[in-house]
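Chains as they are written, first to last, in this note's numbering: chain L, 171 to 574; chain C, 171 to 574.
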């Protein structure tokens, strides 16, 4: 009899966004005429910019001709893309990252889920609370989280770093010794950012204790304030303790195109092993590269016209964030985030976050994400995203105003 | 200090094809004028067919317009593709597989590497010897293979099923009780196929013992002989014991486009758990779908014109296989495979397979893959692939004739 991985059955419920999708589908079935506005998942709605579609068309033509056809991509990504990333996302910001420290992938979700494979099964993880579920769930599946306590909503081997109103949504250092510290800033789901000196505290701590920071910077394109780091490598010493994950989904609208990358510096060693070399081996063994045409699309994001067009696109989403922030505030809600982030984090007025979800869906036909789905400290909060159309954001805030 | 995954350091050497790539690059550097013919890795060289590039262009246009833009794909794949797969690859062959048993992925390499996550760490695996390295290496990284013995080239917790001249390259049932049995037929690397009744023996065994078969059918489009099953679901009872992996790489030239799928029947349960549901959870948590444009390209493979064009393409590769088979035979080599497969498996005449690799590269400027890289029973063999251009296959065989 095949021995199965029993850790899967420890996971409570289904993956958060699958649960929401099912709830919405069922509501839609009973209310086929409802004009539902989806501000739930972080999925973009604006079309790919012309620089990107042009690059895709060109690359498709290349793939259709014998002389220019490309088969398997290099495991770690084409050098044209790795070079563009290293130059634009790092060196132009003063971060000394070279192209061979960039690992191109099919998206930050895969990288977020797979990076834990570099660590031992007895490694202890620290996560913010609330948190993007993939960090936790991937570690649960691997068997690193211990047992789930339904009462507290916590795993007994996980170290939680609450991000709540009381601490301004800035996590404190882990209370117990962690091997892996997951940080996502600007944060999903709270929409709040860390200042450089606040992030530096974590870098110094990791260098002292030997922990490794997994820094998810998927939302860096939404940063508007000075002093908020776009990359962890802006902090001194980050190259000896941090892996950074990046996505093309939120900065270039690639959710349906799938492209992301991770940065593993060559100076990052633990127990005599180079994490860079381990990750390269993992890529070489388990992954066969992102599609050539998608890597060309990624390259186009860094062209002059690509940069201009994407800036315009992000500006639109930022305006949406402002509309939602102000709409909610005017309706009397307490609101966080939405300044350096496409996420708005609001306090649910005297009801649980799932009750608030049901109320929003039922009374206003708006889909958001219940804070409790991101962890116990998310209870009493609710996340809205700025990725809908501008028209829908305005319409949603009209409904909020009418119902408050 | 972060606890790392020490299983990585158990892996001997680097990933086989990375090693070969490095050797070839170094030869090329010392011999810049050498006209190297690459018949090593299983990478296609013919361009994408027009049905596929047309579908890609159309889908790119859709992604560039607000009304038709698509963000995140459904976790398990778009229904238009899952439906086309279930209908064309299974129901039209008399296999009762439904579209919701199809899981679309970014390629069979990822699926081959990830499928082991469904099983416990104490599960024992059985593999053919020689074998596609990903099955083994992914299990080594998870810690399931025990220790590597350099002398024998074997892992002490792995059950090996030799595929050698003596048994006509047909594996016997595992000698010890296995939880997971990996089978790839038509086989990589030997190029040999199993008849339906030979595969049925494994299905019956798995249903009796409770083992799960991972059946890799990446090369099914190359089958020419009657009685060779295209899918394991042609065997009675396979739906209660087998997962099938498929690839668009070899049947439609998608190596650079990345598309594959797995089939996990809903009847497949172990220890009270549905493997279908576990795999769905794994996809939902760790993967964000294959790109929309690539899924549309996959759909086009099943259109009338797509089928015709691809048939023509595979015909060309099959002709290459014949050229290589006969060229080698005429030069006095003992040759297997190449009839139901794009792989030709030859006996190295009185030298080790790595020595033969060096000789081929040095004397004939031909790159192949040393059999020993696929496992101890591959020693004394060498793999050539039919995926080069026709011209290069002819040229390679001229060089072989001249050097024998």
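All residues carry an ideal CB built from backbone N, CA and C; glycine is no exception. Everything numeric in this text was worked out from a predicted model, so none of it was measured.
With 16 other Cβ atoms within 10 Å as the buried cut-off, status of residue 469(C): Numbered from 1 along the second chain, position 299 holds the residue referred to as residue 469(C). Classification for residue 469(C): buried.
Sub-8 Å separation of residue 441(L) and residue 493(L) beta-carbons: Here residue 441(L) is taken as the residue at index 271 of the first chain, counted from 1. Here residue 493(L) is taken as the residue at index 323 of the first chain, counted from 1. Not in contact: residue 441(L) and residue 493(L) (Cβ atoms no closer than 8 Å).
According to DSSP, residues forming a beta bridge with residue 555(L): As a working mapping, residue 555(L) is identified with position 385 in the first chain. Answer by DSSP bridge pairing, in chain order: 513(L).
Distance between residue 274(L) and residue 422(C) (C-alpha atoms, nearest Å): Position 252 of the second chain, counted from the first residue, corresponds to residue 422(C). Position 104 of the first chain, counted from the first residue, corresponds to residue 274(L). So the two alpha carbons sit approximately 24 Å from each other.
Reference residue 513(C), options 209(C), 237(C), 186(C), closest by Cα: The residue labelled residue 513(C) in the question sits at position 343 within the second chain. Ranking the options by Cα distance to residue 513(C), first place goes to 209(C).
Partner residues on chain C for residue 220(L), Cβ-Cβ distance less than 9 Å: Numbered from its first residue, the first chain carries residue 220(L) at position 50. Those are 234, listed as they occur along chain C.
Where residue 349(L) falls: helix, strand or coil (DSSP): Start at 1 with the first residue of the first chain, and residue 349(L) comes out as number 179. Residue state, collapsed to three classes: coil.
Alpha-carbon to alpha-carbon, residue 299(C) and residue 387(L): Walking along the first chain from the start, residue 387(L) turns up at place 217. Walking along the second chain from the start, residue 299(C) turns up at place 129. If I take the Cα positions, the gap works out to 44 Å.
CA-to-CA distance, residue 390(L) to residue 497(L), given in whole angstroms: Translated into positions along the first chain, residue 497(L) becomes position 327. Translated into positions along the first chain, residue 390(L) becomes position 220. Roughly 24 Å between the two C-alpha positions.
Contact belief for residue 523(C) with residue 540(C) at Cβ below 8 Å, rounded distance in angstroms: For the purposes of this step, residue 523(C) is taken as the residue at position 353 of the second chain. For the purposes of this step, residue 540(C) is taken as the residue at position 370 of the second chain. That belief holds up - the Cβ atoms of residue 523(C) and residue 540(C) are roughly 4 Å apart, short of 8 Å.
Unbroken beta strand (DSSP E) run spanning residue 298(L), endpoints: Numbered from 1 along the first chain, position 128 holds the residue referred to as residue 298(L). It spans 295-299 - the beta strand (DSSP E) in which residue 298(L) sits, taken as one unbroken run.
Start-to-end residues for the alpha helix (DSSP H) that takes in residue 462(L): Translated into positions along the first chain, residue 462(L) becomes position 292. Note, residue 462(L): alpha helix (DSSP H), 462-471.
Residue 319(C) at chain L interface by Cβ criterion, 8 Å: Position 149 of the second chain, counted from the first residue, corresponds to residue 319(C). Closer than 8 Å: no.
Three-state class that DSSP yields for residue 441(C) in the structure shown: Numbered from 1 along the second chain, position 271 holds the residue referred to as residue 441(C). In the structure shown, residue 441(C) sits in coil (DSSP, three-state: anything other than H, G, I, E or B).
Selection from 563(C), 569(C), 466(C), 546(C) that minimises the alpha carbon distance to residue 333(C): Here residue 333(C) is taken as the residue at index 163 of the second chain, counted from 1. Nearest C-alpha to residue 333(C): 546(C).
Residue 309(C), buried or exposed, once every other Cβ within 10 Å from all chains shown has been counted against 16: On the second chain, residue 309(C) is found 139 positions in, with the first residue counted as 1. With 16 or more Cβ atoms within 10 Å of its Cβ, residue 309(C) is classed as buried.
Best match in 315(L), 283(L), 555(L), 410(L) for proximity to residue 304(L) [C-alpha to C-alpha]: Counting from one through the first chain, the residue named residue 304(L) turns up at place 134. The candidate whose alpha carbon is nearest that of residue 304(L) is 283(L).
C-alpha gap between residue 405(L) and residue 215(L), whole angstroms: As a first step, residue 405(L) must be located in the first chain, where it is residue number 235. As a first step, residue 215(L) must be located in the first chain, where it is residue number 45. Distance between the alpha carbons of residue 405(L) and residue 215(L): 33 Å.
Cα-Cα separation, residue 508(C) to residue 444(C): Your numbering for residue 508(C) matches position 338 in the second chain. Your numbering for residue 444(C) matches position 274 in the second chain. Taking the straight line joining both Cα atoms gives about 38 Å.
CB-CB length for residue 318(L) against residue 192(L), believed under 8 Å: Walking along the first chain from the start, residue 318(L) turns up at place 148. Walking along the first chain from the start, residue 192(L) turns up at place 22. 21 Å between Cβ atoms; not a contact.
First through last residue of the alpha helix (DSSP H) which encompasses residue 486(L): Within the first chain, numbered from 1, the residue matching residue 486(L) stands at position 316. Run containing residue 486(L): 474-500, per the alpha helix (DSSP H) assignment.
Residue 424(L) (DSSP reduced to helix, strand or coil): Along the first chain, read from residue 1 onward, the residue named residue 424(L) stands at position 254. In the structure shown, residue 424(L) sits in coil (DSSP, three-state: anything other than H, G, I, E or B).
Candidates 255(C), 570(C), 561(C), of which the one nearest residue 530(C) by Cα: Counted from its first residue, the second chain places residue 530(C) at position 360. Minimum Cα distance to residue 530(C) is reached at 570(C).
Cα-Cα separation between residue 290(C) and residue 346(L), rounded to whole angstroms: Working through the second chain from its first residue, we reach residue 290(C) at position 120. Working through the first chain from its first residue, we reach residue 346(L) at position 176. Residue 290(C) and residue 346(L): Cα-Cα distance of roughly 29 Å.
Residue 308(L): contacting residues in chain C (beta-carbon distance under 9 Å): Here the question's residue 308(L) lines up with position 138 in the first chain. Neighbours of residue 308(L) on chain C, chain order: 455, 456.
6 Å CB neighbourhood of residue 543(C) in its chain, flanking five on each side removed: Here residue 543(C) corresponds to residue number 373 of the second chain, with the count starting at 1. Cβ neighbours of residue 543(C) beyond the five flanking positions: 186.
The segment 236-250 of chain L / the segment 395-413 of chain L touching (three or more Cβ pairs under 8 Å): no
Inter-stretch contact at 8 Å, needing at least 3 Cβ pairs: the segment 413-431 of chain L / the segment 457-464 of chain C: yes
Three-state class that DSSP yields for residue 318(C) in the structure shown: Within the second chain, numbered from 1, the residue matching residue 318(C) stands at position 148. It is a strand residue.
Residue 530(C) Cβ short of 7 Å to the ligand GDP heavy atom set: The model on display carries no ligand, and the ligand GDP is accordingly not part of it.
Assumed close pair residue 371(L), residue 271(L) - CB separation to whole angstroms, cut-off 8 Å: For the purposes of this step, residue 371(L) is identified with residue 201 of the first chain, where counting begins at 1. For the purposes of this step, residue 271(L) is identified with residue 101 of the first chain, where counting begins at 1. Contact between residue 371(L) and residue 271(L) fails: their C-beta atoms lie close to 24 Å from each other, not under 8 Å.
Limits of the alpha helix (DSSP H) - the one that residue 190(L) falls within: Position 20 of the first chain holds residue 190(L). Residue 190(L) -> alpha helix (DSSP H) spans 186-200.
Interface residues of chain C facing residue 481(L) [CB-CB closer than 9 Å]: Within the first chain, the letter at position 311 stands for residue 481(L). Those do not exist, as residue 481(L) stays about 18 Å from chain C at its closest Cβ, beyond 9 Å.
Limits of the alpha helix (DSSP H) - the one that residue 281(C) falls within: Along the second chain, read from residue 1 onward, the residue named residue 281(C) stands at position 111. Counting along the chain, the alpha helix (DSSP H) containing residue 281(C) begins and ends at 278-284.
Pair within 8 Å by beta-carbon distance, residue 518(C) and residue 548(C): Along the second chain, one-based indexing puts residue 518(C) at 348. Along the second chain, one-based indexing puts residue 548(C) at 378. No, Cβ-Cβ distance for residue 518(C) and residue 548(C) is not below 8 Å.
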